[in-house]
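This report refers to the structure that appears directly beneath it.
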């Protein structure tokens, strides 16, 4: 796998890259589209439940993304009661969801327009957790190509950590007696 492919599609399959997702309708003309994915040895319903936890924290690098507050390591009662418009991860709001298949978020600040879908795709032994991010930067004094490359690399670091944390927590709970 090339570095460019890793930055744009870490963990994603070729099918993931062409699969229609709700964020495609939210921000169809995005300047950057990246994919992140991980296989999770846990039932789709449990993985979706952990996605609901994004309302409480980003699950990436909390020092950077959550002002140093640790994202909860246990499921929080009530966070699975999703409503369109609810806030999540400090700068996002829920735009759509279908339990246990996907949850989609968008944001119009501070880094431009962003739409993200987390799709839970059932497979043998658990599920495939696919994240697609669509982004259009705000007007900036630097070239768009430079900002989209920088955003893709930065997002790879943060999103990889987020997906691996969610995977670890869901698998831990799935293995619990």
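Residue numbers (this note's numbering): 25 to 201.
The C-beta atom is built at its ideal place from N, Cα and C for all residues, glycine as well.
Where the beta strand (DSSP E) containing residue 153 begins and where it ends: Segment 150-160, the beta strand (DSSP E) holding residue 153.
Contact check, residue 187 vs residue 135, beta carbons under 9 Å: Not a contact, by the Cβ cut-off of 9 Å.
The stretch 56-74 touching the stretch 115-135, judged by at least three CB pairs closer than 8 Å: The answer is yes - the stretch 115-135 touches the stretch 56-74, with three or more Cβ pairs under 8 Å.
Beta strand (DSSP E) segment containing residue 108, residue limits: No beta strand (DSSP E) holds residue 108; DSSP gives it neither H nor E.
Other residues of its chain near residue 206: CB distance less than 6 Å, five sequence neighbours each side excluded: Because the chain here runs from 25 to 201, residue 206 falls outside it and cannot be looked at.
Distance between residue 29 and residue 98 (C-alpha atoms, nearest Å): Taking the straight line joining both Cα atoms gives about 34 Å.
Best match in 27, 171, 151, 147 for proximity to residue 190 [C-alpha to C-alpha]: Nearest option by C-alpha distance: 151.
For residue 219, the first and last residue of its enclosing alpha helix (DSSP H): Lying outside 25 to 201, the shown extent of the chain, residue 219 is not represented and no answer is given.
Nearest-angstrom Cα separation, counted from residue 178 out to residue 159: Spanning the alpha carbons of residue 159 and residue 178 requires a straight line of approximately 13 Å.
Backbone CA spacing between residue 52 and residue 128 [nearest angstrom]: Straight-line measurement puts the Cα of residue 128 at about 14 Å from the Cα of residue 52.
Residue 125 vs residue 143 beta-carbon contact at 9 Å: Their beta carbons are under 9 Å apart, which means residue 125 touches residue 143 by this criterion.
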